[in-house]
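Worksheet: the structure to be examined is printed underneath.
2 protein chains.
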Amino acid sequence: MSGFLRYKKILDLFSEERSSWTVLEISKALETPSSTIYRIVREMVSAEFLESAAGSYFRLGPAFIKFNRIINFSDPLVRAGQPFLKKLADENPITSVNVLARLYGNKVMCVADYKSPSFKKNTSYQRGKLMPLIYGATSRAIIMQITNRKLQDLINLENFKSDEDKNIFLKDLKNDRKKGYCFTEGQVDKGLIGFAVSISNKKLGIEASLSSIFDLDEFLLEHEPIIYANLTSYGLLVEKYINEIFEDIQKYHHKTNSIR
Amino acid sequence: MSGFLRYKKILDLFSEERSSWTVLEISKALETPSSTIYRIVREMVSAEFLESAAGSYFRLGPAFIKFNRIINFSDPLVRAGQPFLKKLADENPITSVNVLARLYGNKVMCVADYKSPSFKKNTSYQRGKLMPLIYGATSRAIIMQITNRKLQDLINLENFKSDEDKNIFLKDLKNDRKKGYCFTEGQVDKGLIGFAVSISNKKLGIEASLSSIFDLDEFLLEHEPIIYANLTSYGLLVEKYINEIFEDIQKYHHKTNSIR
DNA sequence: CTTAAAATTATCATTATTTAATAATTTAAT
DNA sequence: ATTAAATTATTAAATAATGATAATTTTAAG
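Going down the list, the sequences are from chains A and B. In short: position in the first sequence from 1, add 1156, done, that's our numbering. In short: position in the second sequence from 1, add 1156, done, that's our numbering.
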C-alpha cells in the first residue's frame, strides 16, 4: 500500500451504511498496524478529509463538501445543465425526475437532479450515485455516443447473461443512436420509465445525458411527443451553454497564461 | 512536501474561479518538477480525485461528488436537519434562506441550505462555502456555544480592529448565550438580516446552528416573534433527531463489533 | 496520411519518507 | 483519583518518492 492508495483505501471504507470508523476498526479492516493508521488518519484529519467524531470515531470530513461545491459551481456540465432541470420538470406533461448524468469510469454517475415536488415514487437516480452502464435510458444515452475501441473496452467489462443478450444490447444501441434518443421501461426501478438524450462536447471530453423519468401509472402515450420535444430542445440548449462555458474558460486561461 | 500534503496542495489549487489546471501549470505553481507532478496527478486520476479534461487540462474528479453524497446521507447533522429547512422556510412569515451550518476549523461552513423559491437577493450562505466566524447570526449561534480554552483559541485567530471591538464582541456573545438566540443585520450581506439558534450534540461533537436569513426591506417588527418561535422549535426538533440518529449509529456499531 | 511539437510515461541512482514495534503520554469514564 | 483506552512519540529498518533524462504516445496541423 503506497502513494495515494494508502489514503484512498481508508476513505473507501466509508459508506452510506457505515459512515464512522475507529482507528482500530480501520486497522483491522485493512490489516495494517494501528500505529500506522493513527498517523495516516491524523494527516487526513488535519487536511479535513476526515474528522474526529464522538467516541473515538472518525467520519468523512468537510473537504468533500467544499470541493463538491467547487465542482458544482465550475463543472461545465453541471453549470450548463443544472438551471434547466427545474424548467424541464415544469414543462413535462406529468411529474418527473430529471437527471444530468455522465460517464464515470465504467459506471454512470448522476451529477445533478431535480424531482417535481409531487413526484411520489423513489428513484435510484440521485446526485452522486453510481448507476449501471447498460440499464436505463439515462445510461444508454451516454453509452450510445461512445464508439470504436472505447465502446469495446466498456462492453467487455459488463457481464451479459449471454452473447445473445449482448448482441441485442448492441443492436438496440445502434437503433437508438440513429433515432437520437432512448426509452427504457423498468430497467433500473420497477414501475418507472425513462427517456433520455445524449449530451456531449468533444473539446471538453464530456460524455453525458439528459433524462426524464416518469411513473408508468401516470404515463399516457399522448405525452410522448411533448417529452421528446422537451428533452431534445433542452438537450441542445445545454450543449450550447457548455460550449459558451468552454469559450469562457479558454479566454480565462489564455489571459492568465500570458500574464506569467 | 510529504504525505497527504503532497496531494492536498494540488487539490487546493482548484477553486471556483480556476477549476482546471495543466500539469505544467501545477508544476510552476508548486515549484515542483513536472515529472513529479505527472506521477502524482496520474495517481489522483486513477483514484478519481482528479479527472483529465480536454486540452491536457485536469479538473476535480467525481470522487468528491460520491463522498459528498455519502456525507449527505449519513452525516447526523445533515440527515437530521435537511428535511426541516423547507418546512421552516414555508412557515416563516416572509421569504427566507434557511441554513444549517457548523464549525469547520476556525471558520463556519454551511452544510445544507434551502432558499424560498421567490427569495430575490443573493446570499453568501450556500452549501460548502466557508464563512467568517465572527460575522453573521449563523456563525454567532455556533461560537456562542463554545467556551473556555477552545473559545480562547478561536478568538485569538481572529483579527479584531481593536481590543475594544473584541470586548464588545465577547460581551454581545455572552448576552446572546443568555437569550438563546442571535440577531445580526448586514454583517455578511448588505440588506440582509439573520436570526439563528444553536444546535449541539456533545456525544457526537456537533457544534452547529440553524438560521433564517431575510431581506431587510420585507421585514416588519411583528414578524420577529414568529421567526423566533419557528427557529427555536425546529432547532429543538433537529437536536432531537440528531439524538435518535446517534442512538441508531450506536446500535449499529454495537452489532457489527460483536459479530467479529 | 505524414510530420513535428507537445504531452505523457518510463528509467534509475539518490535521497527522503514510511513503517511498525514499543514506550510514553494524554484523554475519558467511572 | 484511578484505571483503561486512545493517541502520540521514538526509532532502526524497509520502502517509496524524487527529479533528471530518455523513450514513447498523443495531438494538431499541413
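No residue lacks a Cβ here, since even glycine has one placed at the ideal position from N, Cα and C. The structure displayed is predicted, hence computed values, not measured ones.
With 16 as the cutoff for other CB atoms within 10 Å, does A/P1381 come out buried or exposed? Exposed is the label assigned to A/P1381, since fewer than 16 other Cβ atoms lie within 10 Å of its Cβ.
Which runs of the alpha helix (DSSP H) fall wholly inside the region 1312-1392 of chain A and span at least 4 residues, in chain order? Within the region 1312-1392 of chain A, the runs of alpha helix (DSSP H) at least 4 residues long that lie entirely inside it are, in chain order, 1319-1335.
Would you check if the distance between the CB atom of A/Y1337 and the CB atom of A/F1325 is smaller than 8 Å? In this structure, A/Y1337 sits away from A/F1325, with a CB-CB distance that is not shorter than 8 Å.
Please name the residue, chosen from A/G1361, A/S1389, A/L1169, A/D1404, that lies closest to A/I1298 on a Cα-to-Cα basis. Per the Cα distances, A/G1361.
Any idea if A/R1416 is buried or exposed, counting beta-carbon neighbours within 10 angstroms, 16 or more meaning buried? The pLDDT assigned to A/R1416 is 33, lower than 50, so where the model puts this residue is not dependable; a value taken from the coordinates is nonetheless given after this. The residue is exposed, with fewer than 16 neighbouring Cβ atoms inside 10 Å.
Quick check on the DSSP output: the beta strand (DSSP E) that includes B/N1194 runs from which residue to which? The amino acid at residue 1194 of chain B is misidentified as Asn; the sequence shows Tyr. Taken as a continuous stretch (DSSP letters only), B/Y1194 belongs to no beta strand (DSSP E), being part of the alpha helix (DSSP H) at 1190-1202.
Taking B/M1152 and B/S1295 to be in contact with their CB atoms under 8 Å, please state how far apart those CB atoms are, rounded to whole angstroms. Residue 1152 of chain B is absent from the model: chain B starts at 1157 and stops at 1416.
Any non-hydrogen atom of the ligand ZN within 7 Å of A/L1329 CB: With respect to small molecules bound, the structure shown includes none, and the ligand ZN cannot be examined in it.
Tell me, please, whether the region 1299-1319 of chain A touches the region 1274-1283 of chain A by the rule of three or more beta-carbon pairs shorter than 8 Å. Here the region 1299-1319 of chain A makes no contact with the region 1274-1283 of chain A; the two share fewer than three CB pairs at distances below 8 Å.
Measure the CB-CB distance between A/V1344 and A/L1366 and report whether it falls below 8 Å. No, Cβ-Cβ distance for A/V1344 and A/L1366 is not below 8 Å.
Using a 10 Å radius around the Cβ and a threshold of 16 neighbouring Cβ atoms, would you call B/S1420 buried or exposed? There is simply no residue 1420 of chain B to check, as chain B begins at 1157 and stops at 1416 in what is shown.
Does the beta-carbon of B/G1237 have 16 or more other beta-carbons within 10 angstroms, so that it is buried, or is it exposed? That one is buried.
B/R1195 classed as buried or exposed, judged by whether at least 16 other C-beta atoms fall within 10 angstroms: Counting of Cβ neighbours within 10 angstroms places B/R1195 among the exposed residues, the total staying below 16.
Taking Cβ-Cβ distances below 9 Å as the criterion, which residues of the region 1218-1229 of chain A are in contact with chain B? Listed by position, the residues of the region 1218-1229 of chain A near chain B (Cβ gap below 9 Å) are P1218, A1219, F1220, I1221, K1222, F1223, N1224, R1225, I1226, I1227, N1228, F1229.
Minimum C-alpha distance to B/Y1213 - residue among B/L1180, B/E1199, B/V1253, B/K1407: Just measuring C-alpha positions, the residue of B/L1180, B/E1199, B/V1253, B/K1407 sitting nearest B/Y1213 is B/L1180.
DSSP state of A/Y1281, grouped into three classes? If DSSP states are grouped into helix, strand and coil, A/Y1281 belongs with coil.
Per DSSP, the bridge partner or partners of B/M1265: In DSSP, B/M1265 forms a bridge with B/R1258, B/L1286.
Assess contact between the region 1169-1180 of chain B and the region 1242-1256 of chain A, defined as three or more Cβ pairs (one per stretch) separated by less than 8 Å. Is contact present? Taking a cut-off of 8 Å for Cβ pairs, the region 1169-1180 of chain B and the region 1242-1256 of chain A do not touch, as fewer than three such pairs fall below it.
Which first and last residues belong to the beta strand (DSSP E) in which A/L1206 is found? In the DSSP assignment, A/L1206 falls within the beta strand (DSSP E) that extends over 1206-1208.
By DSSP's criteria, A/Y1270 is part of a beta bridge. Which residues make up the other side? Bridge partners of A/Y1270: A/N1254.
As assigned by DSSP and simplified to three states, the class of A/Y1163: Correct three-state label for A/Y1163: helix.
B/E1400 at chain A interface by Cβ criterion, 8 Å: Interface annotation, B/E1400: not in contact with chain A, CB-CB separation never under 8 Å.
If you run the structure through DSSP and keep just helix, strand and coil, what is B/L1169? B/L1169 sits in coil when the DSSP states are folded into three classes, being neither helix nor strand.
Anyone know if the C-beta pair for B/E1314 and B/L1289 falls short of 8 Å? For B/E1314 and B/L1289, yes; Cβs fall inside 8 Å.
From which residue to which residue does the beta strand (DSSP E) around B/R1215 run? Taken as a continuous stretch (DSSP letters only), the beta strand (DSSP E) holding B/R1215 covers 1213-1216.
May I ask you to report which of helix, strand or coil DSSP gives A/T1303? Coil at A/T1303, not helix or strand.
Name the one or two DSSP bridge partners that B/T1178 has. B/Y1213, per the DSSP bridge assignment.
Report all residues from its chain with a CB closer than 8 Å to the CB of A/E1207; omit the five preceding and five following residues, and keep chain order. Scanning its chain for C-beta atoms nearer than 8 Å, with the 5 sequence neighbours on each side dropped, one finds around A/E1207 the residues V1201, F1214, R1215, L1216, G1217, P1218, in chain order.
State buried or exposed for A/D1373, treating a residue as buried only when at least 16 other CB atoms are found within 10 Å of its CB. Looking at its Cβ environment, which holds fewer than 16 other Cβ atoms inside 10 Å, A/D1373 is exposed.
Pick out whichever of B/S1356, B/E1341, B/K1184, B/E1199 has its Cα sitting closest to the Cα of B/Y1429. With chain B running from 1157 to 1416 in the structure shown, residue 1429 of chain B is simply not present.
Anything in the region 1191-1202 of chain A with a Cβ closer than 9 Å to a Cβ of chain B? List those residues in chain order, please. Cβ proximity to chain B below 9 Å picks out R1195, I1196, E1199, M1200, S1202 from the region 1191-1202 of chain A.
A/T1340 classed as buried or exposed, judged by whether at least 16 other C-beta atoms fall within 10 angstroms: If you draw a 10 Å sphere on the C-beta of A/T1340, you find 16 or more other C-beta atoms in it, and that means buried.
Check B/L1233 in the structure and name its three-state DSSP category. Helix.
Mind pulling the chain B residues with CB within less than 9 Å of A/S1171? Residues of chain B whose Cβ lies closer than 9 Å to the Cβ of A/S1171 are, in chain order, I1226, S1230.
Which residues in the same chain as A/A1185 place their Cβ atom closer than 8 Å to its Cβ, once the five residues preceding and following it in sequence are excluded? The answer, listed in chain order, is L1169, W1177.
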